[in-house]
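Residue numbers (this note's numbering), protein chains in the order written: chain A, 1 to 413; chain B, 1 to 413.
What follows is a single structure, written as C-alpha cells, with notes after it.
Protein chains: 2
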Amino acid sequence: MKKAYLISTGTELLIGSTIDTNSVFLSEKLLALGIRVTGKSTIGDNPESIRNAFNIGLGSADIVISTGGLGPTFDDLTKKVASEVMGTTLELRPEEAERLQAFFERRRRKMPEINLKQAKFPPEAEVLANPLGTAPGMYLKKGEKVIALLPGPPREMRPMYLNELEPLLCRDFRLERKSVMRTIKILGPGESQVEELIAEVMKNPVGCSLALIAYEGEVHIRVTAEGEDLDHSRGIFDSISNRIQEKIGHNIFGYDDDSLSSVVAGLLKDQQKTIAVAESCTGGLLGRLLTDLPGSSSYFWGGVISYSNNAKTKMLNVDNAILDKYGAVSPQTAEAMARGIVKQSGADIGVSITGIAGPEGGTDSKPVGLVYIGLAEGGFCQSKELRFVGDRNGIRMLSAKSALDIVRRHLQK
Amino acid sequence: MKKAYLISTGTELLIGSTIDTNSVFLSEKLLALGIRVTGKSTIGDNPESIRNAFNIGLGSADIVISTGGLGPTFDDLTKKVASEVMGTTLELRPEEAERLQAFFERRRRKMPEINLKQAKFPPEAEVLANPLGTAPGMYLKKGEKVIALLPGPPREMRPMYLNELEPLLCRDFRLERKSVMRTIKILGPGESQVEELIAEVMKNPVGCSLALIAYEGEVHIRVTAEGEDLDHSRGIFDSISNRIQEKIGHNIFGYDDDSLSSVVAGLLKDQQKTIAVAESCTGGLLGRLLTDLPGSSSYFWGGVISYSNNAKTKMLNVDNAILDKYGAVSPQTAEAMARGIVKQSGADIGVSITGIAGPEGGTDSKPVGLVYIGLAEGGFCQSKELRFVGDRNGIRMLSAKSALDIVRRHLQK
Numbered sequence: 001m002k003k004a005y006l007i008s009t010g011t012e013l014l015i016g017s018t019i020d021t022n023s024v025f026l027s028e029k030l031l032a033l034g035i036r037v038t039g040k041s042t043i044g045d046n047p048e049s050i051r052n053a054f055n056i057g058l059g060s061a062d063i064v065i066s067t068g069g070l071g072p073t074f075d076d077l078t079k080k081v082a083s084e085v086m087g088t089t090l091e092l093r094p095e096e097a098e099r100l101q102a103f104f105e106r107r108r109r110k111m112p113e114i115n116l117k118q119a120k121f122p123p124e125a126e127v128l129a130n131p132l133g134t135a136p137g138m139y140l141k142k143g144e145k146v147i148a149l150l151p152g153p154p155r156e157m158r159p160m161y162l163n164e165l166e167p168l169l170c171r172d173f174r175l176e177r178k179s180v181m182r183t184i185k186i187l188g189p190g191e192s193q194v195e196e197l198i199a200e201v202m203k204n205p206v207g208c209s210l211a212l213i214a215y216e217g218e219v220h221i222r223v224t225a226e227g228e229d230l231d232h233s234r235g236i237f238d239s240i241s242n243r244i245q246e247k248i249g250h251n252i253f254g255y256d257d258d259s260l261s262s263v264v265a266g267l268l269k270d271q272q273k274t275i276a277v278a279e280s281c282t283g284g285l286l287g288r289l290l291t292d293l294p295g296s297s298s299y300f301w302g303g304v305i306s307y308s309n310n311a312k313t314k315m316l317n318v319d320n321a322i323l324d325k326y327g328a329v330s331p332q333t334a335e336a337m338a339r340g341i342v343k344q345s346g347a348d349i350g351v352s353i354t355g356i357a358g359p360e361g362g363t364d365s366k367p368v369g370l371v372y373i374g375l376a377e378g379g380f381c382q383s384k385e386l387r388f389v390g391d392r393n394g395i396r397m398l399s400a401k402s403a404l405d406i407v408r409r410h411l412q413k
Numbered sequence: 001m002k003k004a005y006l007i008s009t010g011t012e013l014l015i016g017s018t019i020d021t022n023s024v025f026l027s028e029k030l031l032a033l034g035i036r037v038t039g040k041s042t043i044g045d046n047p048e049s050i051r052n053a054f055n056i057g058l059g060s061a062d063i064v065i066s067t068g069g070l071g072p073t074f075d076d077l078t079k080k081v082a083s084e085v086m087g088t089t090l091e092l093r094p095e096e097a098e099r100l101q102a103f104f105e106r107r108r109r110k111m112p113e114i115n116l117k118q119a120k121f122p123p124e125a126e127v128l129a130n131p132l133g134t135a136p137g138m139y140l141k142k143g144e145k146v147i148a149l150l151p152g153p154p155r156e157m158r159p160m161y162l163n164e165l166e167p168l169l170c171r172d173f174r175l176e177r178k179s180v181m182r183t184i185k186i187l188g189p190g191e192s193q194v195e196e197l198i199a200e201v202m203k204n205p206v207g208c209s210l211a212l213i214a215y216e217g218e219v220h221i222r223v224t225a226e227g228e229d230l231d232h233s234r235g236i237f238d239s240i241s242n243r244i245q246e247k248i249g250h251n252i253f254g255y256d257d258d259s260l261s262s263v264v265a266g267l268l269k270d271q272q273k274t275i276a277v278a279e280s281c282t283g284g285l286l287g288r289l290l291t292d293l294p295g296s297s298s299y300f301w302g303g304v305i306s307y308s309n310n311a312k313t314k315m316l317n318v319d320n321a322i323l324d325k326y327g328a329v330s331p332q333t334a335e336a337m338a339r340g341i342v343k344q345s346g347a348d349i350g351v352s353i354t355g356i357a358g359p360e361g362g363t364d365s366k367p368v369g370l371v372y373i374g375l376a377e378g379g380f381c382q383s384k385e386l387r388f389v390g391d392r393n394g395i396r397m398l399s400a401k402s403a404l405d406i407v408r409r410h411l412q413k
C-alpha cells in the first residue's frame, strides 16, 4: 500500500480559530484509492518549518500533499521550499503569466507585480488548474516520490484534488479504484456493544478492514474491501455486509450518505404518508431534522413544540388529568401527545417526545435522560421508554434520532 | 514568547473518521497563557513516527504536548518513546499501581496485567491525575524543555490540561496570565463588512492582535491584549473594545461564551417575559436554539412548527385570505403568525419565521433566501425582510439566529 503524508499550512490552523477539515477529506479520498495517510503536520509560514515537514514527509511516505500557503504573498515560500527539497528551482511560465493577466483583465484590474510569483513553477512540474481562484496547484514527481501543492480554501482544494490530482496519482502509481469503501450506519446499540456483536466478523474480516466510529449517538462501521478489482471488492463487501447484517439486523438504518432523516423521508414518500410532530424536551429539534432535506413539505405537516404543560393541553388536547396523574414525562403523556397531534393535523403519523434533558429536573424515579417517544397512526398508538446517558444536548440529539428511528421501524414493518 | 509543539496520536485521526478538536482547544488555551503553538503533527502508533515528532517538537519549541495514545495497549509506546527522547526510562510507581488496583476493585473487576504499564513513569516525571479514566498523564521537564502527555478523549484531556498541566507550566515558565484573550460577537454585517468597518482599528491596534473569524453566520473578533500585567491588558482590551463598539454598535450581541440564545435568555429572565415561536422554513430550529440552555422552561412556552399552510391556518389562525393574497412568504403572513402564536399561547412575545430555504421553490420576485421575521408583543407587531445567500441549512441557521437577534434588539430597546 502506498503511503501519503499531509502538510497543512496556515497560522489560522495554529491559533485555534479554524479546524482543519482538508486533511479529513484527503485522508478519506486517498484511502479509497488504496493510499494510506501515515502522518500529517500543521505548520506556520516559515521556511524552516516547511522544509522540515517536507523532509519528514518524503522520508516516511511516497506522496506528500500540502494544502494552503499558495496565496500571492506566501505562494513563493511553500512552492520555493518544496521545489528546493525536490532539488529543483522555479522558473516563470509565460502561459501561466498570460492566464493570470487574463484573470485580472476580465475583472478590469491591473495585475499586481506580486502575483507574477503564481506563474512560476519548476520545469519538471505539472500545473494543477484552479478555475475557482488565482493560485494554481502543483504536482512534481521525482524518482518514486511525489509532492503536490493544493490551495487552502476547501471549495478550491476539493475540486482540484478530484479533477486534477487524483488522475495524476492514478497515472503515476498505476492506481485504480480497486477498493470499495462503504459505511454501515447503526442506531441503537453503543460502540462497545456493536464491537461485541460483530467480534467474530472483526476477527476474520476476509479481505476487508473495519473501523468503528461513534458519531452523535450513531455507530458507523467503515468497511474497506480490497479485492483484485472493483467487482471483486464489491463482492467482498457484500459478503461481509451480509455477515454484519446477520449480527446487527434491524439496527442498521442505512449506508454511506444515508441519514435517519433521509431514510425516513424516503419511506414516507414511498408510502405517500404525512407526518406531524409533538416535541417537548427536544424543543423543535425533531422538526428541524425532518426538514433538513429539500422537498420535505411533501411529507411534513409541521407540529407543536409543547414545551410547557399549557402548550400540551391547549395545542394537543392532552388531558390535564393525565398530566396530574402520570406527569409530563410518562408513557401516557407521550401517547396523548402523539394522538393529539394526529388529530390536530390530520397527518397520517404523529410522533411525540417527552423527557428530561437535564442537567436539572431529574428525580430518583424519573432521572435525567429518561425519555418517552410516542407514535400514533390511525387507531394504533404506542410509546417506548428510553434511558440515555450524556449531557443536555447529547440527550436531546439522541431523543430526536431515536424518534426518527422508531418511525423508520414502524414504516419498515 | 514561549513556543509549543502539539502531537496528536491516533489512527482514527489519520483515516479521516475523527476531527482533531484537542489541538484547537490547546492552541487557544496556550495562547491565552502567552505560549504560541508553532506547529503540530498527527501520527499513527509506530515508535519511529512518535520519536520523529517528539524530536521535531523539542528542536523547534520549548514545550511539546501530546494527546492520545495513553490507553493500556498503546500507553507504553508513547510514554516509552517520549521518555527515551528525554534521556530517561520508565519505572513502576507502587502508589500508581495501587491507585489502578483500587480503580478496578471499585468496579469489582480484576485488573488485567497489561494495565500495570499505566503505573510506570520516569523517576523525574510528575503524574497528571485523571479522575475520569484509567490513563494518568505525565509531565517531564529537563533543562529548559518540557514534554507533557495527555489522554485523547476530550472529556478527560480538557480538565487534565486545566487542573493539572496549566499550573505546572505557569510554575516552570514563570508564566502568569498577563494577556487577555476575548471574543467580540457580531450578527448582521458579514466578515468583509466588519473588516471594512474596523479597518482603522485594525491598522492601529495598540497592544492588541485582532483576528476575524466567521462562524455560522456570526462574525467573531478575537482580541488578544498583551500588556505588562493582567490589569494593564484589561485596560488595553477595554479601550480597543470601545473603539470597536463605536464602529459596530448594536450589531455586537455578546462577548466570549455568550450565544444569541444565552443573551436572549438573560434578557427574558431579567424582564420576566415569556416567549413562543411560530416557525415555517426553520422547522423547529428556533425552538431548539431557545431550549439549548437548562432552565429554558421559565421563559419558553413552546410554539408551532407551521410548515404547511394548513398548520398556519389551523394552529395559528392565519387568515386564508392573507395566504391567498400575499403568499406564505410575506410580511403579512409573518405578522399574522406572530400575532397568532401570542394569542394561542398567552406568552408575552411571539416571534415567527417564514421564508424560502431552497434549493427549490424560489421565483424571480421571491428568490431562495428571502425570509420574513415577525415579532409581536401586546399591541405591537412588526416584520423584517431579510435576504440570505447560502445553502439550505445555512439559510435556515441564519434565519433562526436573526430571529433571536430581532428579539434581543426588541428587548434591549
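The beta carbon of each residue, even a glycine, is placed where N, CA and C say it ideally should be.
The structure presented is a predicted model; accordingly, all values stated were derived computationally and were not measured.
* So is residue 78 of chain B buried or exposed if we call it buried at 16+ other beta carbons inside 10 Å? -> Mapped onto the second sequence, residue 78 of chain B falls at position 78. With 16 or more other Cβ atoms within 10 Å, it is buried.
* Asked: How many angstroms separate the CA atom of residue 143 of chain A from the CA atom of residue 88 of chain A?
  -> Residue numbering aside, residue 143 of chain A sits at position 143 when the first sequence is read from its first letter. Residue numbering aside, residue 88 of chain A sits at position 88 when the first sequence is read from its first letter. C-alpha separation (whole angstroms): 13 Å.
* What are the partner residues of residue 380 of chain A, as DSSP defines its beta bridges? -> The residue given as residue 380 of chain A occupies position 380 in the first sequence. Paired residues: A:377.
* To do: Could you work out which residues of chain B lie near residue 307 of chain A, taking near to mean beta carbons separated by less than 7 Å?
  => Numbered from 1 along the first sequence, position 307 holds the residue referred to as residue 307 of chain A. By Cβ distance, chain B contributes 291, 297, 300, 301, 302.
* Could you tell me if residue 288 of chain A is buried or exposed, where buried requires 16 or more neighbouring beta carbons within 10 angstroms of its beta carbon? => The residue given as residue 288 of chain A occupies position 288 in the first sequence. It is buried - the Cβ of residue 288 of chain A has at least 16 other Cβ atoms within 10 Å.
* Find the residues of chain A that neighbour residue 21 of chain B, judging by a C-beta separation of less than 8 Å, and give them in chain order. => The residue given as residue 21 of chain B occupies position 21 in the second sequence. Within 8 Å Cβ-Cβ: 19.
* Asked: Using DSSP with H/G/I as helix, E/B as strand and the rest coil, what is residue 208 of chain A?
  -> In the first sequence, the residue the question calls residue 208 of chain A occupies position 208. Three-state result, residue 208 of chain A: strand.
* Leaving out five residues before and five after residue 118 of chain A in sequence, what residues of the same chain have Cβ atoms less than 8 Å from its Cβ? -> Position 118 of the first sequence, counted from the start, is the residue given in the question as residue 118 of chain A. Correct list, in chain order: 70, 72, 75, 96, 100, 134, 135, 136.
* To do: For residue 67 of chain A, count neighbouring Cβ atoms within 10 angstroms of its own Cβ and tell me buried if that reaches 16, exposed if not.
  => Counted from its first residue, the first sequence places residue 67 of chain A at position 67. Residue 67 of chain A is buried by the Cβ-count criterion.
* Asked: Of all the CB atoms in chain B, is at least one closer than 8 Å to the CB of residue 39 of chain A?
  -> Here residue 39 of chain A refers to the residue found at position 39 when the first sequence is read from its first residue. Yes, because at least one Cβ of chain B sits closer than 8 Å to the Cβ of residue 39 of chain A.
* To do: Please determine if the segment 18-27 of chain A and the segment 14-23 of chain B are in contact, where contact requires at least 3 C-beta pairs separated by less than 8 Å.
  => yes
* Under 8 Å between C-beta atoms of residue 369 of chain A and residue 356 of chain A -> Walking along the first sequence from the start, residue 369 of chain A turns up at place 369. Walking along the first sequence from the start, residue 356 of chain A turns up at place 356. Going by C-beta atoms, residue 369 of chain A is nearer than 8 Å to residue 356 of chain A.
* Asked: Can you give, in chain order, each stretch of the beta strand (DSSP E) that sits fully within the segment 108-172 of chain A and has at least 3 residues?
  -> You should have 126-128, 137-142, 145-150.
* Are the Cβ atoms of residue 278 of chain B and residue 322 of chain B separated by less than 8 Å? -> Walking along the second sequence from the start, residue 278 of chain B turns up at place 278. Walking along the second sequence from the start, residue 322 of chain B turns up at place 322. Their beta carbons are not under 8 Å apart, which means residue 278 of chain B does not touch residue 322 of chain B by this criterion.
* Asked: Three-state secondary structure (DSSP) at residue 224 of chain A?
  -> In the first sequence, counting from the first residue as 1, residue 224 of chain A sits at position 224. Strand, per DSSP.
* Asked: Roughly how many angstroms separate the alpha carbons of residue 218 of chain A and residue 390 of chain A, rounded to a whole number?
  -> Walking along the first sequence from the start, residue 218 of chain A turns up at place 218. Walking along the first sequence from the start, residue 390 of chain A turns up at place 390. Straight through space, the alpha carbons of residue 390 of chain A and residue 218 of chain A are spaced by roughly 14 Å.
* To do: Can you have a look at residue 1 of chain A and say buried or exposed, based on whether 16 or more other CB atoms are within 10 angstroms of its CB?
  => Within the first sequence, residue 1 of chain A is the residue found at index 1, counting from 1. Residue 1 of chain A is exposed by the Cβ-count criterion.
* **Neighbour flag for residue 294 of chain B against chain A, beta carbons, 8 Å** => Within the second sequence, the letter at position 294 stands for residue 294 of chain B. Taking Cβ atoms only, chain A reaches closer than 8 Å to residue 294 of chain B, which makes this a yes.
* To do: Tell me where the beta strand (DSSP E) around residue 276 of chain B begins and ends.
  => Against the second sequence, residue 276 of chain B aligns to sequence position 276. Note, residue 276 of chain B: beta strand (DSSP E), 275-279.
* To do: Provide the residue(s) that pair with residue 303 of chain A in DSSP beta bridges, ordered along the chain.
  => Stepping through the first sequence from its first residue, residue 303 of chain A is reached at position 303. Answer by DSSP bridge pairing, in chain order: A:277, B:305.
* To do: Using a Cβ-Cβ cut-off of 8 Å, state whether residue 225 of chain A counts as contacting chain B.
  => What you label residue 225 of chain A is simply residue 225 of the first sequence in a count that begins at 1. Answer no: the Cβ-Cβ gap between residue 225 of chain A and chain B never drops below 8 Å.
* Asked: Taking the DSSP output, what are the residues bridged to residue 352 of chain B?
  -> On the second sequence, residue 352 of chain B is found 352 positions in, with the first residue counted as 1. Paired residue(s): B:278, B:374.
* Would you give the residue range spanned by the alpha helix (DSSP H) that residue 202 of chain A belongs to? => Residue numbering aside, residue 202 of chain A sits at position 202 when the first sequence is read from its first letter. Unbroken alpha helix (DSSP H) run through residue 202 of chain A: 199-203.
* To do: Would you please verify whether the beta carbon of residue 394 of chain B is less than 8 Å from any beta carbon of chain A?
  => For the purposes of this step, residue 394 of chain B is taken as residue 394 along the second sequence, with counting starting at 1. Taking Cβ atoms only, chain A never reaches closer than 8 Å to residue 394 of chain B, which makes this a no.
* Proximity below 8 Å, CB of residue 60 of chain B to CB of residue 34 of chain B -> Position 60 of the second sequence, counted from the start, is the residue given in the question as residue 60 of chain B. Position 34 of the second sequence, counted from the start, is the residue given in the question as residue 34 of chain B. No, these two residues do not count as a Cβ contact at 8 Å.
* Find out if the Cβ-Cβ distance for the pair residue 252 of chain B, residue 353 of chain B is shorter than 8 Å. => Here residue 252 of chain B refers to the residue found at position 252 of the second sequence. Here residue 353 of chain B refers to the residue found at position 353 of the second sequence. No, they are not a contact pair.
* Asked: Per DSSP, residue 2 of chain A is paired with what?
  -> Position 2 of the first sequence, counted from the start, is the residue given in the question as residue 2 of chain A. According to DSSP, residue pairing for residue 2 of chain A in a beta bridge involves A:35.
* **Interface positions of the segment 355-366 of chain A facing chain B (Cβ-Cβ less than 9 Å), listed along the chain** => 357, 358, 359, 360, 361
* Asked: Comparing alpha-carbon positions, which option in A:395, A:307, A:378 lies nearest residue 367 of chain A?
  -> Residue mapping note: residue 367 of chain A aligns to position 367 of the first sequence, counting from 1. If we check each option's Cα against that of residue 367 of chain A, A:395 comes out closest.
* If the cut is a Cβ gap below 7 Å, which residues of chain B does residue 283 of chain A touch? -> Position 283 of the first sequence, counting from 1, holds the residue named residue 283 of chain A. For residue 283 of chain A, the chain B residues whose Cβ falls inside 7 Å of its Cβ are 287, 288, 290, 291, in order along the chain.
* Mind checking whether the beta-carbon of residue 223 of chain B lies closer than 7 Å to any heavy atom of the ligand PLP? -> For the structure depicted, the ligand PLP is absent and the ligand set is empty, with no information on it obtainable.
* Asked: If contact means a Cβ-Cβ distance below 9 Å, which residues of the segment 91-117 of chain B contact chain A?
  -> none
* **Among A:106, A:216, A:243, nearest to residue 398 of chain A - alpha-carbon criterion** => Against the first sequence, residue 398 of chain A aligns to sequence position 398. When C-alpha distances from residue 398 of chain A are compared across A:106, A:216, A:243, the shortest belongs to A:216.
* If the cut is a Cβ gap below 9 Å, which residues of chain A does residue 310 of chain B touch? -> Counting from 1 along the second sequence, the entry for residue 310 of chain B is found at position 310. 301, 302, 345, 346, listed in chain order.
* Residue interval of the beta strand (DSSP E) (run including residue 183 of chain B) -> Along the second sequence, read from residue 1 onward, the residue named residue 183 of chain B stands at position 183. 179-186 is the span of the beta strand (DSSP E), which, as asked, contains residue 183 of chain B.
* To do: Starting from residue 315 of chain A, find everything on chain B with Cβ-Cβ shorter than 8 Å and list it in chain order.
  => For the purposes of this step, residue 315 of chain A is taken as residue 315 along the first sequence, with counting starting at 1. Correct list: 302, 304, 315, 344.
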